[in-house]
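These notes are about the structure you will find just below.
There are 2 protein chains.
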Amino acid sequence: MPNQPFLSAPATSATVALERALSVHKPLDETGLAAVRACFATSVEMLHGPGVDLTPEFRRSAARLVVRGWIARGAALEDGRRQIVGLHLPGDVMAAPAANEADLSVWTLTDAATICAERFWREAETARAAGQGVGPAWNALRAAERTRLVHQIVRLGRLSAFERTAHLLVELHERQVRVGLAPPGEIALPLTQDVLADILGLSVVHMNRTLQQMRRRGLISYQGGRVVLPDPAALHQAGRRVAPDGQAPSS
Amino acid sequence: MPNQPFLSAPATSATVALERALSVHKPLDETGLAAVRACFATSVEMLHGPGVDLTPEFRRSAARLVVRGWIARGAALEDGRRQIVGLHLPGDVMAAPAANEADLSVWTLTDAATICAERFWREAETARAAGQGVGPAWNALRAAERTRLVHQIVRLGRLSAFERTAHLLVELHERQVRVGLAPPGEIALPLTQDVLADILGLSVVHMNRTLQQMRRRGLISYQGGRVVLPDPAALHQAGRRVAPDGQAPSS
DNA sequence: CGGGACCTTGATTATCTTCAATGCTAGTGG
DNA sequence: CCACTAGCATTGAAGATAATCAAGGTCCCG
Numbered sequence: 011m012p013n014q015p016f017l018s019a020p021a022t023s024a025t026v027a028l029e030r031a032l033s034v035h036k037p038l039d040e041t042g043l044a045a046v047r048a049c050f051a052t053s054v055e056m057l058h059g060p061g062v063d064l065t066p067e068f069r070r071s072a073a074r075l076v077v078r079g080w081i082a083r084g085a086a087l088e089d090g091r092r093q094i095v096g097l098h099l100p101g102d103v104m105a106a107p108a109a110n111e112a113d114l115s116v117w118t119l120t121d122a123a124t125i126c127a128e129r130f131w132r133e134a135e136t137a138r139a140a141g142q143g144v145g146p147a148w149n150a151l152r153a154a155e156r157t158r159l160v161h162q163i164v165r166l167g168r169l170s171a172f173e174r175t176a177h178l179l180v181e182l183h184e185r186q187v188r189v190g191l192a193p194p195g196e197i198a199l200p201l202t203q204d205v206l207a208d209i210l211g212l213s214v215v216h217m218n219r220t221l222q223q224m225r226r227r228g229l230i231s232y233q234g235g236r237v238v239l240p241d242p243a244a245l246h247q248a249g250r251r252v253a254p255d256g257q258a259p260s261s
Numbered sequence: 011m012p013n014q015p016f017l018s019a020p021a022t023s024a025t026v027a028l029e030r031a032l033s034v035h036k037p038l039d040e041t042g043l044a045a046v047r048a049c050f051a052t053s054v055e056m057l058h059g060p061g062v063d064l065t066p067e068f069r070r071s072a073a074r075l076v077v078r079g080w081i082a083r084g085a086a087l088e089d090g091r092r093q094i095v096g097l098h099l100p101g102d103v104m105a106a107p108a109a110n111e112a113d114l115s116v117w118t119l120t121d122a123a124t125i126c127a128e129r130f131w132r133e134a135e136t137a138r139a140a141g142q143g144v145g146p147a148w149n150a151l152r153a154a155e156r157t158r159l160v161h162q163i164v165r166l167g168r169l170s171a172f173e174r175t176a177h178l179l180v181e182l183h184e185r186q187v188r189v190g191l192a193p194p195g196e197i198a199l200p201l202t203q204d205v206l207a208d209i210l211g212l213s214v215v216h217m218n219r220t221l222q223q224m225r226r227r228g229l230i231s232y233q234g235g236r237v238v239l240p241d242p243a244a245l246h247q248a249g250r251r252v253a254p255d256g257q258a259p260s261s
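Here the protein sequences come in this chain order: D and P. Its first residue numbered 11, the first sequence is counted upward by one per residue in our numbering. Its first residue numbered 11, the second sequence is counted upward by one per residue in our numbering.
Set out below in structure tokens:
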């Protein structure tokens, strides 16, 4: 259990995922591309094992780019309950939990690699205020992050366990397909049901049963951290309607 | 039911609440004060009745300052379910729902007055990127808004109805006391239990019973839109622990 | 007085949690 | 190679929490 981060080779291509994410809004030209890369030129990738608290990293840099792996941001209550607020995927720029979010922490869910993004953050924010360069794209990324928070609230507040699950999977699907992390109809999901439960505000047991229900209905199938969505549209529909407790088709 | 907004006198002092909110971080000097006021000098206050959708207003201006009244931002599902994502109080600057938040809407909960804040928004964002003028204060306000979203997620995901209610009340209390909207130990709460239920992801019936429970335990008392908190610390505690179903002390 | 908005109550049902096992698989050390 | 363990998925049973359904009740207002 490597609690101690390792250093890795200086990474010039570590920004590939970020470049893709920014390009979703509008493809970056050569100048923009170079500017983004320059922000990470002197930085060194840091490797983290799974289940590692990233708070120490954030003490040194207030923003980090996810190069590889899945990272969770969430709160842990005194009595052991845990709520994951959002997920960070490769290409995401994570801000350190703010001072008024002292109860929040950020930790790795899988093996992961991150890199300091303070310089990029500053430059992107400036560009945003000016509406120049990566500004609009960066703005779109930040807006998408906020929208995900809002969706999380609606999920937890008003959707049933079944709907929540479908809704989350659809969101992850769109998010991954958009930046090329997964082909259409598939999701990379290297998460235990335990973690999924903490995202969706459910108990592990109920999470398990809900996933079984979705499999029985043929909405999903999965193995080894890879989820297949035979009919994304149907799943999308399931995320916005109350799911009647239908009979299992098998015998 | 005035669905049509009225115009009111040009408002120079409409920014009082905003000035207070900004000053929480660091008192504004004369220059800063003047700069803020200048952003609203030529604007006209707009009056809205309760229960009015503000989407049309946002079509004309992407940001509005709440001068008076309570405003909700939330999503309505096709089948009638409704989840309020956040509340806007006097002094808040509301951004129009983003393009990727098409399912979101903003509506008044009480009589309200708003004013266009596009110019202020632009200037504040510039100041923020530069770290000058109202930049830091504006940054703090925006961070606080994000923190409230996060808290909302934790509430809905992992707190019981009782805890949720306590947690929300504590948050509203701190928020109002900070900007002088309520004296310590009190909260202005001009909301129906129906609306509270839509904030906390509960049914109206259960909302009602939960509030009764809190009253029976002496944690709150209220009448006419004004909640009294005899012991804010106890309420705060109630927001972070599972509430055992104790007996009512009366009789 | 009637109507509407809101609060309250009781009874019933559904959803979800908790508790307690069991099984499976991969990794580990003998 | 095999017992041994740890982490994860799964299952059944029981219980808690919250939703739903269906009435009343109160207050205010036209």
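All C-beta atoms in this analysis are idealised placements derived from N, C-alpha and C, irrespective of residue type, glycine included.
- Here the region 163 to 182 of chain P lies against the region 193 to 209 of chain P, with 3 or more beta-carbon pairs under 8 Å apart.
- Between the alpha carbons of residue 178 of chain P and residue 118 of chain P lies a distance of about 19 Å.
- By the Cβ test, the region 37 to 47 of chain P is in contact with the region 128 to 147 of chain P, since at least three Cβ pairs between them sit closer than 8 Å.
- Between residue 111 of chain P and residue 157 of chain D the beta-carbon gap is near 5 Å, inside 8 Å, which marks them as a contact.
- Following the DSSP letters along the chain, one finds residue 62 of chain P in no alpha helix (DSSP H), marked with neither H nor E.
- Taking the CA atoms as reference points, residue 91 of chain P sits about 21 Å from residue 220 of chain D.
- Residue 196 of chain P is bridged by DSSP to P:238.
- Distance from the CA of residue 100 of chain D to the CA of residue 186 of chain D, rounded to the nearest whole angstrom, comes to 10 Å.
- When rounded, the separation of the alpha-carbon atoms in residue 58 of chain P and residue 26 of chain P is 19 Å.
- Taking 7 Å as the cut-off, the Cβ atoms of residue 93 of chain P and residue 85 of chain P count as close.
- Here DSSP, grouped into helix, strand and coil, assigns residue 230 of chain P to coil.
- A direct Cα-Cα distance of roughly 20 Å separates residue 49 of chain P from residue 34 of chain P.
- Residue 131 of chain D is positioned such that its CB atom lies closer than 7 Å to that of residue 73 of chain D.
- The beta-carbon separation of residue 235 of chain P and residue 194 of chain P, rounded to 18 Å, does not stay under the 8 Å limit for a contact.
- If you look at residue 114 of chain P, you'll find it in the beta strand (DSSP E) that goes 114 to 118.
- When rounded, the separation of the alpha-carbon atoms in residue 168 of chain P and residue 98 of chain P is 24 Å.
- Under DSSP, residue 164 of chain D shares a beta bridge with no residue.
- Note: residue 104 of chain P is bridge-paired with P:74 in the DSSP secondary-structure output.
- No Cβ-Cβ contact shorter than 7 Å links residue 180 of chain P with residue 75 of chain P.
- Rounded to the nearest angstrom, the Cβ distance from residue 153 of chain D to residue 108 of chain P is 5 Å, consistent with a contact under 8 Å.
- Assignment of beta-bridge partners to residue 92 of chain P by DSSP yields P:86.
- For residue 136 of chain P, the closest Cβ of chain D is nearer than 7 Å.
- The beta carbons of residue 196 of chain P and residue 239 of chain P sit about 7 Å from each other, so the pair counts as a contact at 8 Å.
- Across the structure, residue 56 of chain D and residue 46 of chain D are spaced so that their CA atoms are roughly 19 Å apart.
- For residue 159 of chain P, a Cβ of chain D is located within less than 7 Å of the residue's own Cβ.
- With a contact defined as Cβ atoms closer than 8 Å, residue 31 of chain D and residue 78 of chain D miss out at about 14 Å.
- At a cut-off of 7 Å between C-beta atoms, residue 128 of chain P does not count as an interface residue with respect to chain D.
- Chain P has no Cβ within less than 7 Å of the Cβ of residue 149 of chain D.
- According to DSSP, residue 81 of chain P shares a beta bridge with P:98, P:118.
- The distance from the Cβ of residue 163 of chain P to that of residue 159 of chain D is about 7 Å, consistent with a contact at the 8 Å cut-off.
- Closest in C-alpha terms to residue 104 of chain D, from the list D:88, D:89, D:129, D:87, comes D:129.
- If you ignore the 5 residues before and after residue 148 of chain D, its C-beta comes within less than 6 Å of the C-beta of 134, 138, all in its own chain and listed in chain order.
- Non-local beta-carbon contacts of residue 80 of chain P in its own chain, meaning distances under 8 Å to residues more than five positions away in sequence, involve 97, 98, 99, 118, 119, 120, 122, 200, 201 in chain order.
- Under DSSP, residue 123 of chain P shares a beta bridge with P:57, P:78.
- Of all residues in the region 87 to 104 of chain P, the ones placed with a Cβ closer than 9 Å to any Cβ belonging to chain D are 87, 88, 89, 91, 92, 93, 94, 95, 96, in chain order.
- Nearest to residue 217 of chain D by alpha-carbon distance, out of D:191, D:188, D:38, D:170, is D:170.
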